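Residue numbers (this note's numbering), protein chains in the order written: chain A, 195 to 531; chain B, 195 to 531. A virtual CB, placed ideally from N, CA and C, is assigned to each residue, including glycine. Only a predicted model underlies this, so the values are computations on that prediction, with no experimental measurement involved.
Number of protein chains: 2
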Amino acid sequence: MSFTTLAAFETALRDLPMPDEAAMASACVRQASLTKPSGSLGRLEEIAIFLAGWQGRERPRLEKARAVIFAGNHGVAAQGVSAFPANVTAQMVANFAAGGAAINALSAVAGLDLHIVPLDLDRPTGDFTQVPAMSEEECLAALSAGAAMVEPGLDLFVPGEMGIGNTSAAAALCARALGGCAVDWTGPGTGLSAAGITRKIEVIDAALTRHAGAPATPFETLRHLGGREIAAMAGAILQARRLNIPVMLDGFVCCAAIAPLAAAVPSLTDHCLAGHCSAEPGHERLLARLGLTPLLRLDMRLGEGSGAAVAVQIVHAALAAHDRMATFAQAGVSSDA
Amino acid sequence: MSFTTLAAFETALRDLPMPDEAAMASACVRQASLTKPSGSLGRLEEIAIFLAGWQGRERPRLEKARAVIFAGNHGVAAQGVSAFPANVTAQMVANFAAGGAAINALSAVAGLDLHIVPLDLDRPTGDFTQVPAMSEEECLAALSAGAAMVEPGLDLFVPGEMGIGNTSAAAALCARALGGCAVDWTGPGTGLSAAGITRKIEVIDAALTRHAGAPATPFETLRHLGGREIAAMAGAILQARRLNIPVMLDGFVCCAAIAPLAAAVPSLTDHCLAGHCSAEPGHERLLARLGLTPLLRLDMRLGEGSGAAVAVQIVHAALAAHDRMATFAQAGVSSDA
Numbered sequence: 195m196s197f198t199t200l201a202a203f204e205t206a207l208r209d210l211p212m213p214d215e216a217a218m219a220s221a222c223v224r225q226a227s228l229t230k231p232s233g234s235l236g237r238l239e240e241i242a243i244f245l246a247g248w249q250g251r252e253r254p255r256l257e258k259a260r261a262v263i264f265a266g267n268h269g270v271a272a273q274g275v276s277a278f279p280a281n282v283t284a285q286m287v288a289n290f291a292a293g294g295a296a297i298n299a300l301s302a303v304a305g306l307d308l309h310i311v312p313l314d315l316d317r318p319t320g321d322f323t324q325v326p327a328m329s330e331e332e333c334l335a336a337l338s339a340g341a342a343m344v345e346p347g348l349d350l351f352v353p354g355e356m357g358i359g360n361t362s363a364a365a366a367l368c369a370r371a372l373g374g375c376a377v378d379w380t381g382p383g384t385g386l387s388a389a390g391i392t393r394k395i396e397v398i399d400a401a402l403t404r405h406a407g408a409p410a411t412p413f414e415t416l417r418h419l420g421g422r423e424i425a426a427m428a429g430a431i432l433q434a435r436r437l438n439i440p441v442m443l444d445g446f447v448c449c450a451a452i453a454p455l456a457a458a459v460p461s462l463t464d465h466c467l468a469g470h471c472s473a474e475p476g477h478e479r480l481l482a483r484l485g486l487t488p489l490l491r492l493d494m495r496l497g498e499g500s501g502a503a504v505a506v507q508i509v510h511a512a513l514a515a516h517d518r519m520a521t522f523a524q525a526g527v528s529s530d531a
Numbered sequence: 195m196s197f198t199t200l201a202a203f204e205t206a207l208r209d210l211p212m213p214d215e216a217a218m219a220s221a222c223v224r225q226a227s228l229t230k231p232s233g234s235l236g237r238l239e240e241i242a243i244f245l246a247g248w249q250g251r252e253r254p255r256l257e258k259a260r261a262v263i264f265a266g267n268h269g270v271a272a273q274g275v276s277a278f279p280a281n282v283t284a285q286m287v288a289n290f291a292a293g294g295a296a297i298n299a300l301s302a303v304a305g306l307d308l309h310i311v312p313l314d315l316d317r318p319t320g321d322f323t324q325v326p327a328m329s330e331e332e333c334l335a336a337l338s339a340g341a342a343m344v345e346p347g348l349d350l351f352v353p354g355e356m357g358i359g360n361t362s363a364a365a366a367l368c369a370r371a372l373g374g375c376a377v378d379w380t381g382p383g384t385g386l387s388a389a390g391i392t393r394k395i396e397v398i399d400a401a402l403t404r405h406a407g408a409p410a411t412p413f414e415t416l417r418h419l420g421g422r423e424i425a426a427m428a429g430a431i432l433q434a435r436r437l438n439i440p441v442m443l444d445g446f447v448c449c450a451a452i453a454p455l456a457a458a459v460p461s462l463t464d465h466c467l468a469g470h471c472s473a474e475p476g477h478e479r480l481l482a483r484l485g486l487t488p489l490l491r492l493d494m495r496l497g498e499g500s501g502a503a504v505a506v507q508i509v510h511a512a513l514a515a516h517d518r519m520a521t522f523a524q525a526g527v528s529s530d531a
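In structure tokens:
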């Protein structure tokens with residue numbers, strides 16, 4: 195079930211399973227029977243029905259929910275596109291392992307089982323202003339490393355990332371897959387100055403020009419302009435779809451990872467909830483292009499799966515109401531007139 | 195510490211304590227030291243600093259968080275302003291006691307200690323199209339019943355309500371306290387048809403006309419146009435302020451309960467977070483008038499404290515990150531360039 199060949203990846207993209215319509219219908223009937231005005235729990239009702247469809251059960255559960263943070267280093271970081279030096283990627287991986295990062299605290303609160311997957315941190319991707327970020331073998335290895343972290347029986351999967359320089363890769367992927375120039379998709383990332391953003395836009399436009407002749411396929415876009423942690427998220431999200439496991443998406447980089455796939459196959463995101471809308475300005479536009487309405491808008495812009503982890507708490511609320519509420523008949527409450 | 199006299203209520207309104215600035219400053223310093231780009235947790239950072247101020251500690255906690263659902267019946271319900279019959283108030287109180295309502299499930303997920311306070315359900319308030327909803331004694335008793343549910347040492351207080359007909363009282367309170375006509379503040383409540391909303395607007399405008407000559411004080415507005423559960427929420431929120439206990443506000447009716455107080459004393463809501471923006475259309479306008487930005491927009495419109503309970507989960511996330519994250523120095527992570 196991994197992506198050791200390009201053919202395996204492309205076959206997976208063409209053959210996407212759909213949700214269980216009968217389970218969704220049963221969940222709808224249950225929602226209408228619960229002691230509340232019809233529709234009054236809003237998106238909590240939608241979430242319960244969505245998870246019923248992907249989990250294939252009237253009362254979905256959230257017992258085995260996994261977050262995986264993929265980390266990678268980017269050759270383009272040498273161009274000065276981040277407010278932080280590239281060695282922070284490895285330092286933060288150590289911080290994740292020691293339990294000191296935001297995602298550690300937020301995963302614990304959300305009941306997420308957290309895994310950290312560093313991907314060849316001592317071997318950054320190629321500087322995509324000069325060369326493709328990855329060889330075919332490297333890109334397939336990253337896609338497979340992502341897929342390997344998703345296994346049957348998970349109730350929800352949360353992909354996250356860490357990689358100094360990766361909002362530059364994300365902006366390049368969006369421009370290449372969805373159109374527009376670098377300026378349409380570039381923001382401050384971890385906190386660049388206005389001058390830094392101007393420089394970042396120049397770097398990304400140079401990369402887009404450099405690879406304008408590359409084949410416009412999901413794989414080649416990921417390979418030329420992505421990064422290992424980005425390809426790993428794409429592989430994990432696609433593998434989750436093959437296993438009918440719902441996904442909670444995080445911020446700009448996470449969503450950009452699937453932009454090349456979704457541009458080719460719009461139904462790719464059907465098993466995905468958008469956890470939040472990041473303060474990184476390209477994310478709002480990207481969510482709109484993916485047809486996703488974020489659950490949260492809390493001005494977060496950290497990555498690490500942090501926004502998605504907070505949004506998983508909303509799923510807990512949705513499923514608790516769906517599972518534990520009494521029906522009108524059970525409670526002896528009159529329904530509406 | 196209750197409101198057995200009008201003078202006690204008015205004194206409390208004039209003498210509002212403020213947050214602990216030193217604790218907020220310490221919490222700000224701590225946030226800046228944690229292993230994340232400065233400001234990248236957005237509103238989670240603001241929430242931690244806000245709670246630090248009201249709890250008076252650099253690292254606020256959420257161990258003793260209480261939700262109280264006040265229930266009352268409304269004489270105006272006889273005018274056909276709700277999609278549900280008035281006996282549903284008592285039926286839902288039984289459902290709360292049995293653990294079958296949405297707020298039971300949502301409180302459990304949010305770690306809230308849930309209390310239910312029915313207020314003279316067999317004795318509806320006066321029909322405010324004809325008479326004041328409450329006598330002075332009744333209104334003071336309701337304010338005091340609310341205050342009695344807030345005790346020193348709580349880390350957070352969540353007021354909620356149940357009362358068939360109470361969105362009519364809420365709309366009348368908003369129009370009276372903040373200006374406008376019934377049409378500006380009236381919506382479908384639990385699910386009225388368009389014709390039902392037209393009727394509801396007529397009823398509310400009749401009440402506003404009937405009491406146009408009443409003294410324009412917070413107390414007299416609550417007394418003429420409110421209800422017992424509404425006055426109880428106002429009393430509880432004011433009592434929380436006297437005890438420096440932060441409050442998570444719920445939906446339209448909860449916020450309308452303090453509209454008369456906040457119109458007279460705008461700093462009244464300084465200790466309040468807005469949990470969510472309800473699908474009830476008047477709520478968006480009301481939050482703007484109160485100067486509050488909601489944490490969540492999930493199209494909920496149930497009352498019961500349900501939206502606030504979901505928002506309490508966001509507070510858990512905020513405090514977990516604030517308390518448990520490593521600092522740059524502890525983790526050996528380079529800060530920004």
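Please state whether DSSP places residue 463 of chain A in a helix, a strand or coil.
-> helix
Would you decide whether residue 461 of chain B is buried or exposed? Buried here means 16 or more other CB atoms lie within 10 Å of its CB.
-> exposed
Between residue 254 of chain A and residue 499 of chain B, what straight-line distance do the alpha-carbon atoms span, to the nearest angstrom?
-> 24 angstroms
Should residue 280 of chain B be labelled buried (16 or more other beta-carbon atoms within 10 Å of its own) or exposed?
-> buried
Stretch-stretch touch, CB-based, cutoff 8 angstroms, three pairs: the region 387-404 of chain A with the region 294-314 of chain A = no
When Cβ atoms are compared, which residues of the region 488-519 of chain A fall closer than 8 angstroms to chain B?
-> 489, 490, 491, 492, 493, 494, 495, 496, 500, 503, 504, 507, 508, 510, 511, 514, 515, 517, 518, 519
Based on Cα-Cα distance, which residue from B/295, B/260, B/256 lies nearest to residue 515 of chain B?
-> B/256
Mind checking whether residue 277 of chain A and residue 231 of chain B have CB atoms under 9 angstroms apart?
-> yes
Boundaries of the beta strand (DSSP E) in which residue 519 of chain B is found, first to last residue | No beta strand (DSSP E) holds residue 519 of chain B; DSSP gives it neither H nor E.
Cα-Cα separation, residue 249 of chain B to residue 467 of chain A = 35 angstroms
Identify every residue that forms a DSSP beta bridge with residue 251 of chain A.
-> Bridge partners of residue 251 of chain A: none, in fact.
Could you check the C-alpha separation between residue 477 of chain A and residue 316 of chain B for me, to the nearest Å?
-> 53 angstroms
Decide if residue 223 of chain B is buried, meaning its Cβ has at least 16 other Cβ atoms within 10 Å, or exposed.
-> exposed
Go through the region 377-433 of chain B residue by residue and report every complete run of the alpha helix (DSSP H) that reaches 4 residues or more, in order.
-> 388-404, 412-419
Quick one: is residue 526 of chain A near chain B, going by C-beta distance under 9 angstroms?
-> yes
Rounded to whole angstroms, what's the CA-CA distance from residue 527 of chain B to residue 287 of chain A? Just pull it up for me.
-> 10 angstroms
Element boundaries [beta strand (DSSP E), containing residue 350 of chain B] = 350-356
Is residue 218 of chain B helix, strand or coil when you go by DSSP?
-> helix
How far does the beta strand (DSSP E) with residue 260 of chain B in it reach, from first residue to last?
-> 259-265
Of all the options A/418, A/235, A/450, A/389, which has the alpha carbon lying nearest to the alpha carbon of residue 372 of chain A?
-> A/450
Run through DSSP, which three-state label would residue 439 of chain B get?
-> coil
Please list the partners that residue 285 of chain A has in chain B, where partner means a Cβ-to-Cβ separation under 9 angstroms.
-> 229, 525, 526, 527, 528
With 7 angstroms as the C-beta to C-beta threshold (strictly closer), list the residues of the region 371-391 of chain B near chain A in chain order.
-> 384, 385
Helix, strand or coil for residue 242 of chain B, going by three-state DSSP, please let me know.
-> helix
Under a Cβ-count criterion, where at least 16 other Cβ atoms within 10 Å of its own Cβ denotes burial, should residue 329 of chain B be classed as buried or exposed?
-> exposed
For residue 502 of chain B and residue 352 of chain B, believed in contact at Cβ under 8 angstroms, the rounded distance = 5 angstroms
Integer-rounded CB distance, given that residue 420 of chain B should sit under 8 angstroms from residue 551 of chain B | Residue 551 of chain B is absent from the model: chain B starts at 195 and stops at 531.
Say whether chain A places a C-beta atom closer than 9 angstroms to the C-beta of residue 336 of chain B.
-> no
In terms of residues, what are the limits of the beta strand (DSSP E) holding residue 308 of chain A?
-> 307-312
Going by DSSP, what residues sit across from residue 336 of chain B in a beta bridge?
-> Looking at the DSSP assignment, residue 336 of chain B forms no beta bridge with any residue, so it has no partner.
Look at the alpha carbon of residue 509 of chain B and the alpha carbon of residue 302 of chain A, and state the distance between them as a whole number of angstroms.
-> 14 angstroms
How many angstroms separate the CA atom of residue 447 of chain B from the CA atom of residue 270 of chain A?
-> 53 angstroms
DSSP-derived helix/strand/coil call for residue 470 of chain A | strand
Does the beta carbon of residue 233 of chain A come closer than 9 angstroms to any beta carbon on chain B?
-> yes
Under 7 angstroms Cβ-Cβ, which residues of chain A neighbour residue 289 of chain B?
-> 229, 520, 525, 527
Starting from residue 286 of chain A, follow the alpha helix (DSSP H) in both directions and report where the run begins and ends.
-> 282-292
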